[in-house]
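Residue numbers (the working numbering), protein chains in the order written: chain A, 217 to 415; chain B, 217 to 415.
Glycine included, C-beta positions come from ideal geometry on N, C-alpha and C.
Protein chains: 2
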Amino acid sequence: MERSVAFWFEFASTYSYLSAMRISSAAKARGIAVIWRPFLLGPIFAAQGWDTSPFNLYPAKGRYMWRDMQRICAARGLPFCHPDPFPQNGLMAARLALAASEQDRIQAFAQSVYLAQFGDGADISAEPILLDCLHKAGLDANLLDRAQSPEIKSALRAQTEAASVAGIFGAPSFTSGTELFWGDDRLEQALDHAAARTI
Amino acid sequence: MERSVAFWFEFASTYSYLSAMRISSAAKARGIAVIWRPFLLGPIFAAQGWDTSPFNLYPAKGRYMWRDMQRICAARGLPFCHPDPFPQNGLMAARLALAASEQDRIQAFAQSVYLAQFGDGADISAEPILLDCLHKAGLDANLLDRAQSPEIKSALRAQTEAASVAGIFGAPSFTSGTELFWGDDRLEQALDHAAARTI
């Protein structure tokens with residue numbers, strides 16, 4: 217049995233983009249497998265009484281986040297732009313990601329969606345954009361049908377429910393056993409925890 | 217002129233404790249001076265519509281914070297307990313800190329208050345606790361009078377207003393020139409920014 221960390225991400229989340237672009241190499245360096253778990257923040261924010269991103273609800277926090285992301289992306293050599301609107305609707309992308317995981321291509325697909333959104337400012341709820349992301353990830357266009365299947369829809373609902381049960385309140389989050397780590401800043405801590413676990 | 221970073225902290229803030237215990241050595245290693253700027257989060261949270269700490273308002277976030285602090289303090293060899301009530305009333309401690317800064321003893325005083333609160337679980341609004349903190353910082357008990365002077369009261373109000381103007385929405389925060397950095401996780405970035413500034 218391989219040691220692993222679960223990576224909980226939401227496509228509209230800026231800081232999830234940061235982790236999505238680096239988690240695989242960081243995990244590989246520690247001999248850890250990554251379980252990619254897309255979920256929706258919308259229902260979790262709604263349970264906290266929020267109808268949009270806290271970065272929109274709290275303007276000072278929002279202004280800071282955009283500048284923080286700019287600085288971090290510049291330091292890491294990642295492209296970054298402010299997509300409009302923000303947050304984007306990541307529902308279809310999340311369903312497609314689950315469909316892509318059935319073909320072991322979730323990482324390639326997720327990275328391609330993040331780069332389209334935060335690199336090019338593309339609308340990730342638009343079908344032509346998603347088709348292009350599927351193509352870049354080496355996936356077939358018929359995944360759009362699979363993504364709309366009852367199995368995938370219900371799997372995404374179950375995953376979002378599981379996130380809530382795990383105590384997740386934001387993204388990205390990482391779980392190693394029963395330990396929860398929140399934010400790209402905690403990626404190393406999560407991986408170190410997973411690497412030290414007795415299994 | 218020496219390069220410097222401003223360290224904005226609130227006594228009731230758990231993550232401010234982390235930075236207060238390490239900022240001086242981290243800054244010294246980079247040849248940076250630290251300007252200790254106590255302020256009150258209460259008015260800033262109130263402007264966001266919050267009447268207490270977001271860690272109380274959002275239970276999942278609160279549960280996570282206590283566990284996160286536990287893990288970090290254990291890794292850094294810092295004592296840590298959950299003070300009751302939380303958040304504490306840090307008004308008098310903040311006024312005393314400004315009075316202590318007039319005698320160049322703000323760091324010693326602030327660290328002693330944080331250790332009393334998060335190490336021993338003491339109530340930092342209680343006069344005997346504050347007297348003990350003054351004593352440990354090599355300061356005289358008559359600073360309690362100075363802390364209640366109109367000058368110090370108005371200096372703390374002005375500092376809180378300055379924090380808001382600087383875009384600060386949480387603690388700890390750090391400013392280097394016009395750049396704002398939020399959270400103990402950004403301490404190194406703030407110091408590196410200050411070290412690289414042309415002055």
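- Contact of A:Arg-238 with chain B is not assigned, every C-beta pair being separated by 8 Å or more.
- Going by C-alpha positions, A:Ala-342 is about 9 Å away from A:Asn-305.
- Three or more pairs of CB atoms, one per stretch, sit closer than 8 Å, so the stretch 383-403 of chain A contacts the stretch 228-248 of chain A.
- In this structure, A:Phe-223 lies near A:Ile-251, with their beta-carbon atoms less than 8 Å apart.
- Counting only Cβ-Cβ distances below 8 Å, B:Tyr-330 has no contacts in chain A at all, with the closest Cβ about 21 Å away.
- Looking at the DSSP output, A:Val-221 bridges to A:Val-250.
- For the stretch 245-278 of chain A, the residues whose beta carbon sits under 8 Å from a beta carbon of chain B are, in order, Gln-264, Tyr-274, Ala-276 and Lys-277.
- Classified as buried, A:Pro-254 has 16 or more neighbouring CB atoms from the shown chains inside 10 Å of its CB.
- DSSP assignment within the stretch 305-332 of chain A yields the following whole alpha helix (DSSP H) runs of 4 residues or more, N-terminal first: 307-317 and 322-330.
- Residue ranges of uninterrupted beta strand (DSSP E) with 3 or more members, entirely inside the stretch 372-408 of chain A and ordered along the chain, are 389-392 and 395-398.
- Residue environment analysis places B:Ser-392 among the buried positions, since at least 16 neighbouring C-beta atoms fall within 10 angstroms of its C-beta.
- Between A:Ala-315 and A:Ala-363 a beta carbon distance of about 5 Å is seen, short of the 8 Å cut, so the two are scored as contacting.
- Of the candidates A:Arg-246, A:Leu-347, A:Thr-230 and A:Ala-326, A:Thr-230 places its Cα closest to the Cα of A:Cys-289.
- Among the CB atoms of chain B, one or more fall inside 8 Å of the CB of A:Leu-396.
- Taking 8 Å as the CB threshold, A:Tyr-231 stays off the interface with chain B.
- In terms of Cα proximity to A:Phe-227, the closest of A:Gln-405, A:Phe-325, A:Glu-367 and A:Lys-277 is A:Phe-325.
- Contacts between B:Gly-306 and chain A, judged by CB atoms closer than 9 Å, are missing: the closest CB pair is about 21 Å apart.
- Taking a Cβ-Cβ threshold of 9 Å, the residues of chain A close to B:Asp-401 are Gly-399, Asp-401 and Arg-402, in chain order.
- A:Tyr-233 carries a helical assignment under DSSP once its states are collapsed to helix, strand and coil.
- Taking 8 Å as the cut-off, the beta carbon of B:Gly-247 is found closer than this to the beta carbon of B:Ala-411.
- The criterion of a C-beta distance shorter than 8 Å is satisfied by B:Arg-321 and B:Gly-354.
- DSSP, reduced to helix, strand and coil, places B:Ser-370 within a helical segment of the structure shown.
- Of A:Gln-319, A:Arg-279 and A:Glu-395, the smallest CA-CA separation from A:Asn-358 is found for A:Gln-319.
- If you look at A:Gly-293, you'll find it isn't in any alpha helix (DSSP H); DSSP assigns it neither H nor E.
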